[in-house]
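Chains as they are written, first to last, in full-length UniProt numbering: chain E, 1 to 141; chain A, 1 to 291. Virtual Cβ for every residue (Gly too), placed ideally from N, Cα, C. One structure is given below, encoded as structure tokens.
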Amino acid sequence: MPIHLKIVTAEREVFADDVDMVSAPTREGRVGILPRHAPLLSILTSGELGIVKGGERTPFAVSGGFMQVLPTNIIILADTVERADEIDESRAETAVRLAEEQRASAKSEQDMALAEAKLRKEMVRLQVARIKEAGRRQGRS
Amino acid sequence: MASSREIKRRIRSVKNVGQITRAMEMVAASKMRRAQRNVMATRPYADSMRNLIGELSNRSIGMGRKGTMLEVKPDTGKVALIVVTPDRGLAGSLSSNIFRRVGRFIIEQQQLGRTVDTYAYGKKGRDFLARTGQNLQAEAIKLGDAPKLEQILGVATAALSRVQTGEYCEVYLIYSEFVNTLVQRPNLKKLVPVEAPESSGGSRLDFTYEPSQEEILSELLPRYVETQIYQAILESIASFYSAQMVAMRNATKSAKDLVRDLTLSFNKARQAAITKEVSEISSGAAALADG
């Protein structure tokens with residue numbers, strides 16, 4: 001019995017489909033949600049959001065948000081979310097470097113916090129982009 | 001009467017203006033459609049969030065609301081007003097309708113003995129608030145036709161952080177509501193304290209909260225307010241383009257009418273000139289014949 005997953009951001013609906021499992025980075029740690037999971041409400045942090053369907057895992061990079069698990073469906077309200085294969089690895093690397101520079105040159109505490117958050121988000125994007133790369137290489141060999 | 005040459009020149013210039021307004025009308029129409037789609041695209045997120053808040057706030061009545069944005073705070077004598085306007089004009093009375101609503105709101109609040117701090121999205125509103133000296137605190141302009149949520153967070157956070165510190169007891173929003181292509185209405189919305197939406201489903205599910213109900217609620221509420229502001233901005237963009245489309249359609253029509261009138265007076269002037277010439281010639285001929 002699959003579970004229906006919907007991922008939405010403030011800008012648009014990103015994903016809506018039946019899936020077999022969802023692995024999400026919550027603030028309390030990574031959780032895997034299988035069908036018939038108990039109702040759950042949790043806060044997401046930045047990390048890799050994995051969706052398993054038919055034995056295949058699709059990675060997404062999520063920067064934070066909320067997840068509501070209901071008996072038959074899951075709703076993820078993401079701050080920003082990107083499919084791994086939409087992320088350009090070299091551009092993600094540049095973004096990480098930029099965020100690092102920004103953190104190094106931060107003057108106020110607020111700038112620092114902003115830069116930290118940005119850096120964390122960009123690191124996750126890069127990581128997720130690399131998961132996808134690794135998966136592809138394995139698939140080829 | 002103006003000479004036929006002058007009239008001809010005016011006809012040409014009015015025709016040019018008409019062509020430009022027609023082009024602007026068509027551009028505005030297509031941008032309006034896109035802006036409407038953007039507004040629609042935010043609905044799933046906003047709806048899900050509203051459901052969540054409804055669900056959570058129904059479970060935390062009284063003490064559970066303390067310290068969150070659901071709490072109705074005692075009057076601090078200071079409120080914040082967020083004004084959303086377009087960056088540009090040429091959209092009929094769209095901006096001035098908003099300014100009138102803003103003016104009325106500020107007077108109402110002053111009568112209650114409160115001062116109003118203002119925050120602006122959009123150049124028109126920024127200019128208005130700065131010009132009339134309305135304690136403008138922060139502004140975001142030139143957000144484009146399809147702003148991202150991240151782009152609008154700065155101003156929103158600036159206002160909301162002063163709610164957390166207890167400076168503002170209430171936060172309001174004035175924006176242009178997109179009713180339909182012909183009607184855009186300035187709308188006043190109370191953002192804080194958040195009025196808990198009705199929980200939709202009667203499903204009394206026993207949720208596990210991670211980390212805790214209070215923590216989720218206190219994270220969710222600012223996000224909810226930001227989403228409302230974001231939606232208001234997108235709706236204002238749709239309003240702007242539909243108002244501009246209508247304004248430009250009227251301008252094109254006026255240009256056409258004017259060209260018609262001018263063509264008529266051009267023909268009259270031409271005819272008068274010919275008549276005059278003929279009568280001059282014939283009277284000249286008559287004078288010769290007499291002599």
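For the pair A:Val79 and A:Val171, the CB atoms are nearer than the 8 Å cut-off. When DSSP states are grouped into helix, strand and coil, E:Asp18 belongs to the strand group. In this chain, A:Pro222 is not harboured by any beta strand (DSSP E); it is covered by the alpha helix (DSSP H) spanning 213-290. Between the alpha carbons of A:Met49 and E:Thr94 lies a distance of about 34 Å. Closer than 8 Å to the CB of A:Pro211 there is at least one CB belonging to chain E. With the criterion set as a beta carbon lying under 7 Å from some beta carbon of chain E, the stretch 19-40 of chain A has no members that meet it. Note: E:His4 is bridge-paired with E:Asp18, E:Asn73 in the DSSP secondary-structure output.
Assignment of E:Lys107 by DSSP, reduced to helix, strand and coil, places it in the coil class.
Residues of chain A whose Cβ lies closer than 8 Å to the Cβ of E:Val52 do not exist; the shortest such Cβ separation is about 21 Å. In this structure, E:Pro2 lies near E:Asp18, with their beta-carbon atoms less than 8 Å apart. Closest in C-alpha terms to E:Asp88, from the list E:Glu56, E:Met67, E:Ile131, E:Ile75, comes E:Ile131. A check of alpha carbon separations from E:Leu5 across E:Arg36, E:Ala115, E:Gly29 identifies E:Arg36 as the nearest. Cβ contact annotation for E:Arg30 (same chain, cutoff 8 Å, sequence separation greater than five): Ser23, Ala24, Gly47, in chain order. Closest in alpha carbon position to A:Gln137, among A:Arg185, A:Arg223, A:Thr115, is A:Thr115. Residue-level contact by beta carbon holds for E:Ala10 and chain A, with a gap shorter than 8 Å. Looking at the backbone, the Cα of A:Leu94 and that of A:Arg126 are separated by about 15 Å. Cβ proximity to chain A below 7 Å picks out Ala38, Pro39, Leu40, Leu41, Ser42, Ile43 from the stretch 35-50 of chain E. Along the stretch 50-80 of chain E, going in chain order, the ones with a CB nearer than 8 Å to a CB of chain A are Phe66, Gln68, Leu70, Pro71, Ile75, Leu77, Asp79, Thr80.
In the DSSP assignment, A:Thr208 falls within the unbroken beta strand (DSSP E) covering 208-210. Across the stretch 19-35 of chain E, CB contacts with chain A closer than 7 Å involve Thr26, Arg27, Glu28, in sequence order along the chain.
For A:Ile174, the enclosing beta strand (DSSP E) has its first and last residue at 170-178.
Residue burial is scored here from C-beta neighbours: A:Leu234 has at least 16 other C-beta atoms within 10 angstroms and is therefore classed as buried. As for any beta strand (DSSP E) of minimum length 3 sitting wholly inside the stretch 56-126 of chain A, the runs are 78-84, 115-121, ordered along the chain. When Cβ-Cβ separations below 8 Å define contact, E:Glu89 makes no contact with chain A. Lys148, Leu149: these are the residues of the stretch 147-167 of chain A whose beta carbon lies less than 7 Å from some beta carbon of chain E, given in chain order. Assignment of beta-bridge partners to A:Asn187 by DSSP yields A:Tyr175. Contact check for A:Gly122 and A:Asp87: beta-carbon distance about 5 Å, within the 8 Å limit, so the pair qualifies. The Cβ-Cβ distance between A:Leu217 and A:Thr68 falls below 8 Å.
A distance below 8 Å separates the beta carbons of A:Phe105 and A:Ile174. Look at A:Arg22 here: in three-state DSSP terms it is helix. Residue burial is scored here from C-beta neighbours: E:Gly50 has at least 16 other C-beta atoms within 10 angstroms and is therefore classed as buried.
Under DSSP, E:Gln68 takes part in a beta bridge, and its partners are E:Leu41, E:Ile75. Distance between E:Ile75 and A:Val194, taken at the CA atoms: about 22 Å. Within chain E, the C-beta atoms nearer than 8 Å to that of A:Leu205 come from Pro39, Leu70, Pro71, in chain order.
DSSP places E:Ala61 inside the beta strand (DSSP E), whose first and last residues are 56-62.
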